[in-house]
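Residue numbers (my numbering): 161 to 446.
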């Protein structure tokens, strides 16, 4: 039986990956941080799902989980590792604390390395089977940065670079590495955008723009793709005979095309204009 480890499986994209993989014959080991989530997912997916309790920044817990998966596989090769777990730290870069920035990088970048190092040995070819694959959950924000998502963008830009290096290093071992770049996805993270404490930045020049981008994020998220759509891209990445190095799954195709095509200064002004970030025009003197 095909098997995969999916981190951050409790909700959103991770849940969508578990659902699609389980429906297509995979046994899924899904990481969660709460016992209640482990119980809920086990009830929802039944025998096709095994919960793993760990935080991806906890090296000892991740190593323990990898050992339990190794025992469960009984010498068989793990078909896939889906590095999905992540967080988003919003706010203007000039006014976020270094600790907040460090936490973003610790989860979205260092945590991915911790998990990859722990589970990579299980992806090695065994018993005449081909090696497993690694899927890295990046974002369209790993190619184009947005105001007030600087820490998140930094982590995803970093993940893109790490994934490219890893892909080339693992050619030696026959392990393919595929990046998935979702755009807006209808997940609970967008509802949480309404909880962002913009009042915290009330004494900065950015308060009005923060309120505007919060509204945009909620609206875009609610019309985003369902999480299962990303799960289908992950299924393709794990099963295609010749997978692409990256798959972009973005409902805002036109917007993405424009941002990727325009000269950067033009794109800067376009985004800034939408959010009220352009400086006021100087009045001509008489």
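Idealized CB from N, CA, C, for every residue including glycine.
By a beta-carbon distance limit of 8 Å, residue 384 does not contact residue 423. Their separation comes to about 28 Å. Where residue 294 is concerned, the enclosing beta strand (DSSP E) starts and stops at 293-297.
Short of 6 Å from the beta carbon of residue 320, and not among the five residues preceding or following it, lie these beta carbons of its own chain, in chain order: 298 and 302. Under the criterion of beta carbons closer than 8 Å, residue 269 and residue 343 do not qualify as touching, at roughly 21 Å. Counting the other Cβ atoms within 10 Å of the Cβ of residue 414 gives fewer than 16, which makes it exposed. In the DSSP assignment, residue 336 is bridged to 293. Residue 417 counts as exposed, since fewer than 16 other beta carbons sit within 10 angstroms of its beta carbon.
In the three-state reduction of the DSSP assignment, residue 386 falls in the coil class.
Unbroken beta strand (DSSP E) runs of no fewer than 3 residues, entirely contained in the region 239-301, are found at 240-243 and 293-297, following chain order. Judged by DSSP secondary structure, residue 164 falls within the beta strand (DSSP E) whose first and last residues are 162-166.
Under the three-pair Cβ rule at 8 Å, the region 207-217 does not count as touching the region 360-367.
Under the three-state reduction of DSSP, residue 405 is assigned to coil, being neither helix nor strand.
Residue 304 and residue 341 have their C-alpha atoms spaced approximately 11 Å apart. As the crow flies, the alpha-carbon of residue 428 is around 52 Å from that of residue 235.
Looking from the CA of residue 192, the closest CA among 371, 336 and 170 belongs to 170.
In this structure, the CA atom of residue 398 is about 25 Å from the CA atom of residue 203. In the three-state scheme derived from DSSP, where H, G and I count as helix and E and B as strand, residue 228 is classed as helix. When secondary structure is reduced to three states using DSSP, residue 170 falls in the coil class, being assigned neither helix nor strand.
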